[in-house]
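Letter by letter, the sequence shown follows residues 40 to 161 in my numbering.
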Amino acid sequence: MLPRRLREAMSAVGMWEDPIPQPPSRHLAQISVVLEHYGWCQAADVSWPGKLCIRGAQDLLERTGHVTRVDRQLAVGYLQQALAAAGVRMAFHAWNDLPGNSLETVQIVLRSAAARAHKKGD
Numbered sequence: 040m041l042p043r044r045l046r047e048a049m050s051a052v053g054m055w056e057d058p059i060p061q062p063p064s065r066h067l068a069q070i071s072v073v074l075e076h077y078g079w080c081q082a083a084d085v086s087w088p089g090k091l092c093i094r095g096a097q098d099l100l101e102r103t104g105h106v107t108r109v110d111r112q113l114a115v116g117y118l119q120q121a122l123a124a125a126g127v128r129m130a131f132h133a134w135n136d137l138p139g140n141s142l143e144t145v146q147i148v149l150r151s152a153a154a155r156a157h158k159k160g161d
């Protein structure tokens, strides 16, 4: 992750293009890709070796310009809806930390949430 000032300087000379913020459906898909690439963790947004939980991946994507705060919050809403449809009545970040969850179960919920967002046009 490059510092903002460096990105701006590189952009000024054509060496960098800022990412385009994505809508909630794509943001949810990006979270899945980030977790697959960096690794998934529980009990921390970012673990010592650099693995991320759902919220940690969202933080990374927001800080790097891949999602706006508004679209991130909309994505959280779809994530909560997907969990509710599965009978889960807790915040996604608390659910992420439950024993027995795995990257696979997290990705299933992320795909479900992304499909809900896409169906709504988000």
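Backbone N, C-alpha and C define an ideal beta-carbon position, used for all residues, glycine too. Note that the coordinates shown come from a computational prediction; the quantities given were computed from them, not determined experimentally.
Taking DSSP's pairing of strands, which residues face residue i in a bridge?
| i | result |
| --- | --- |
| L91 | W79 and V85 |
Please report the distance separating the alpha-carbon of residue i from that of residue j.
| i | j | result |
| --- | --- | --- |
| E75 | S141 | 12 Å |
| Y117 | A152 | 5 Å |
| L100 | Q81 | 18 Å |
| R111 | C92 | 15 Å |
| G53 | R150 | 35 Å |
| R44 | F131 | 33 Å |
| H105 | Q61 | 6 Å |
| T107 | R65 | 12 Å |
| A48 | T103 | 15 Å |
| G95 | D84 | 4 Å |
Can you look up residue i in the DSSP assignment and give me helix, strand or coil?
| i | result |
| --- | --- |
| M54 | coil |
| A114 | helix |
| D98 | helix |
| M129 | coil |
| Q146 | helix |
| H66 | helix |
According to the neighbour-count rule (16 or more other Cβ atoms, all chains shown, within 10 Å of its Cβ), is residue i buried or exposed?
| i | result |
| --- | --- |
| A133 | exposed |
| A123 | exposed |
| W79 | buried |
| L137 | exposed |
| I70 | buried |
| P58 | exposed |
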